[in-house]
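**Q**
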Amino acid sequence: VAAVQGASAFIPFLPMLAIHLLIQNLMYDISQLSLPWDKMDKEFLRKPRKWDAKNIGRFMLWIGPTSSIFDITTFALMWYVFAANNVEAQALFQSGWFIEGLLSQTLVVHMLRTQKIPFIQSRATLPVLLTTGLIMAIGIYIPFSPLGAMVGLEPLPLSYFPWLVATLLSYCLVAQGMKRFYIKRFGQWF
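For the sequence shown, this note's numbering gives the first residue as 1, with consecutive numbering after it.
Here you go:
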């Protein structure tokens, strides 16, 4: 939300239309339906834990801005590298952010579900991996599909995708670093 507000002050069009946000949120919500079939790390379950609203609030303030940083880098990428910097190119801009936004918020669930290194030291269950992977694949496809055209998205050039991979890898590394620092600073993870 902060990135949208900030970008709206500087670009001559909406960074994402309401219909794009609705589709993105619906897809993300669907990807999360598999979470009841996930498993927690054994170390996390060794002792009972109480609900700690203060820690959750602090965690949100600590980790939350990370995604905004990568939204802004995607805005800069679309604006400067792909020249999606005018009203005529807004569909390209919106398509790039639609994909990055959906993939980053879906992928970060794997980063946050464990205090370990995700995919290496702790892996989600198969239903979670399949559901999040499928939603990410569909999200990439939408701008290339008839649905994408109906809602004002457009296909991205293939040169966008190495940038997307670099952005997502950077986001995962920064999120992991922030998580490690948070655990050291506050002595707990959730």
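Think of the CB as a built atom: it goes at the ideal place given N, C-alpha and C, for glycine as much as any other residue.
Mark L130 as exposed unless 16 or more other C-beta atoms lie within 10 angstroms of its C-beta, in which case mark it buried.
**A** The residue given as residue 130 occupies position 130 in the sequence shown. Flag for L130 reads exposed.
**Q** On the criterion of 16 or more Cβ atoms from any shown chain inside 10 Å, does Y179 qualify as buried, or is it exposed?
**A** On the sequence shown, residue 179 is found 179 positions in, with the first residue counted as 1. Checking the sequence shown, residue 179 turns out to be Lys, not Tyr. Classification of K179: buried, given that the 10 Å Cβ count is 16 or more.
**Q** Would you mind stating whether A91 and G148 have Cβ atoms separated by less than 7 Å?
**A** In the sequence shown, residue 91 corresponds to position 91, counting from 1. In the sequence shown, residue 148 corresponds to position 148, counting from 1. No, they are not a contact pair.
**Q** Does P155 come out as helix, strand or coil in the three-state DSSP assignment?
**A** By one-based count along the sequence shown, residue 155 stands at place 155. Of the three classes helix, strand and coil, the one that applies to P155 here is coil, per DSSP.
**Q** Determine the DSSP secondary structure at P48, reduced to helix, strand or coil.
**A** Reading the sequence shown from its first residue, position 48 is the one you call residue 48. Residue state, collapsed to three classes: coil.
**Q** Applying the 10 Å Cβ sphere with the 16-neighbour rule, what's the burial state of L169?
**A** The sequence position of residue 169 within the sequence shown is 169, counting from 1. The residue in question, L169, is exposed, as its Cβ has fewer than 16 Cβ neighbours within 10 Å.
**Q** Take A2 as the anchor and find which of V174, T167, F70 has the nearest alpha-carbon.
**A** For the purposes of this step, residue 2 is identified with residue 2 of the sequence shown, where counting begins at 1. Nearest option by C-alpha distance: F70.
**Q** Pick helix, strand or coil for P118, following the three-state DSSP scheme.
**A** Position 118 of the sequence shown, counted from the start, is the residue given in the question as residue 118. Looking at P118 - three-state DSSP - the assignment turns out to be strand.
**Q** Distance check for N85 and L77, CA to CA, integer angstroms please.
**A** As a first step, residue 77 is located in the sequence shown; it is residue number 77 there, counting from the start. As a first step, residue 85 is located in the sequence shown; it is residue number 85 there, counting from the start. Using only the alpha carbons, I get a separation of about 10 Å.
**Q** Identify, in the order they occur along the chain, each residue of the same chain with its Cβ nearer than 6 Å to the Cβ of M136, setting aside the five sequence neighbours on each side.
**A** Here the question's residue 136 lines up with position 136 in the sequence shown. Around M136: L103, T106.
**Q** Measuring alpha carbon to alpha carbon, tell me which of V108, I56, V4, Q115 ends up nearest E43.
**A** To locate residue 43, count along the sequence shown from 1; it is residue 43. The shortest Cα separation from E43 among V108, I56, V4, Q115 belongs to Q115.
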